[in-house]
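Since the structure comes first, as structure tokens, the remarks are kept for the end.
Residue numbers (this note's numbering): 11 to 389.
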């Protein structure tokens, strides 16, 4: 497709408009001139103009049209020249914007287009383009960070599995017991399986491919079931588990995703805890929905880390994170699940006494907040 600049289009448009205006003016003025000449010859309509008089009026008309034919192209050319000169000034901002945009690549997304300081459409376009660049830069940085973290998470178990397999090959003919090596291999395979499952869920969530089937979910019954499992896992470490969720509380959500949300929160509460500590779940029905609180005696989270807790692969203690077998995606998945349900999740508090995550989900119709009151807050 042949390129034609806005400046040339603007000049051509002005020339055409001036030419059409002059043609219309010439036609009207010629008709008026011819009519007035005939009236002058007819002496106030008392007689019909003679053939010679009509010829004289026609010759005058042709002279007028000849002058118009000479002036019309000249006027159109002058209009085009003025429009061309004006267009250069009017479109200078767009040309600068295009030149600056051509110089921006994936390697220098931190560049910004200088703003002219005017209050016109070009300034607004420049601001919008700079905002787009900022969002694009953040997205690319997140992708790079995500790729690096994912590569690291995959590399560690694969390296361990490689070492275990090499060890198995070395001892295959020595009759050495291999149960421990197979257990370590199985552990790393489970780790990779959880990582792949988490990445798949987040990828589908980013693409908007996760569909939920909302229905009433008995939050009290679900918490009771999951806390029993957590209590069995917490018993060796002497961690006390308390259920302060009153009966009769129902949320409107997808049953499987709601279970996964609670599992991730309780899993974090168990992993990041002290021996002899405690875990507590409580819930209440408010005007904004059902608020669920998962509290535990976790170490205090440093203030600079709190804003990044829900980022993918973020961890405050990489060594301990690896020992607990997590993949650094639990809270990211929790956030996506909560957003899919139109709810909110936040770190409510993190002090020396403990940490609390608070989740708000839509309440199911006719939710009854009866039953026994929650256990007193141990904080």
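Backbone N, C-alpha and C fix where the C-beta goes; we use that ideal spot for every residue, glycine too.
If you're wondering where the values come from, they're calculated on a predicted model, not measured in any experiment.
So, for residue i: in the same chain, excluding its five sequence neighbours on each side, which residues have a beta-carbon less than 6 Å away from its beta-carbon?
i, result
"residue 366", "303, 305, 358, 359"
"residue 25", "86, 89, 90"
"residue 279", "289, 304, 306"
Given residue i, which residues of its chain have a CB within under 8 Å of its CB, disregarding the five upstream and five downstream residues?
i, result
"residue 85", "28, 29, 32"
"residue 62", "none"
"residue 164", "202, 205"
Keeping to the same chain, check which residues put their C-beta closer than 7 Å to that of residue i; ignore five residues upstream and five downstream.
i, result
"residue 177", "191"
"residue 167", "198, 201, 202"
"residue 320", "341, 342, 345"
"residue 361", "310"
So, are the CB atoms of residue i and residue j less than 8 Å apart?
i, j, result
"residue 146", "residue 119", "yes"
"residue 264", "residue 223", "yes"
"residue 204", "residue 174", "no"
"residue 352", "residue 277", "no"
"residue 220", "residue 350", "yes"
"residue 241", "residue 288", "no"
"residue 293", "residue 258", "no"
"residue 290", "residue 254", "yes"
"residue 116", "residue 139", "no"
"residue 273", "residue 236", "yes"
"residue 374", "residue 262", "yes"
"residue 285", "residue 247", "yes"
"residue 322", "residue 156", "yes"
"residue 225", "residue 301", "no"
The beta strand (DSSP E) that contains residue i, what's its start and end?
i, result
"residue 226", "225 to 228"
"residue 371", "365 to 371"
"residue 362", "Unbroken run through residue 362: none, as it is neither H nor E."
"residue 291", "288 to 296"
Which residues mark the beginning and the end of the alpha helix (DSSP H) in which residue i is found?
i, result
"residue 118", "Unbroken run through residue 118: none, as it is neither H nor E."
"residue 269", "265 to 281"
"residue 342", "340 to 350"
Pull up the distance between the alpha-carbon of residue i and that of residue j, whole angstroms please.
i, j, result
"residue 88", "residue 144", "44 Å"
"residue 172", "residue 324", "26 Å"
"residue 295", "residue 260", "9 Å"
"residue 268", "residue 347", "8 Å"
"residue 249", "residue 135", "58 Å"
"residue 121", "residue 114", "7 Å"
"residue 329", "residue 338", "In this prediction, residue 329 scores a pLDDT of 38, lower than 50, which makes its location untrustworthy; the coordinate-derived value is nonetheless stated afterwards. Going from the Cα of residue 329 to the Cα of residue 338 covers about 12 Å."
"residue 22", "residue 82", "15 Å"
"residue 154", "residue 216", "16 Å"
"residue 75", "residue 42", "12 Å"
"residue 149", "residue 209", "17 Å"
"residue 227", "residue 170", "41 Å"
"residue 110", "residue 18", "22 Å"
"residue 179", "residue 283", "39 Å"
"residue 10", "residue 275", "Outside the modelled stretch of the chain, which goes from 11 to 389, sits residue 10, for which no answer is possible."
"residue 313", "residue 233", "30 Å"
"residue 256", "residue 238", "16 Å"
"residue 355", "residue 266", "18 Å"
"residue 70", "residue 34", "19 Å"
"residue 317", "residue 189", "43 Å"
"residue 112", "residue 39", "52 Å"
"residue 218", "residue 207", "17 Å"
"residue 152", "residue 315", "17 Å"
"residue 72", "residue 137", "57 Å"
Legend entry - Entirely enclosed alpha helix (DSSP H) segments - the region 300 to 329, minimum 4 residues: 313 to 316
Legend entry - Length at least 3, wholly inside the region 175 to 251: the beta strand (DSSP E) runs in chain order: 225 to 228
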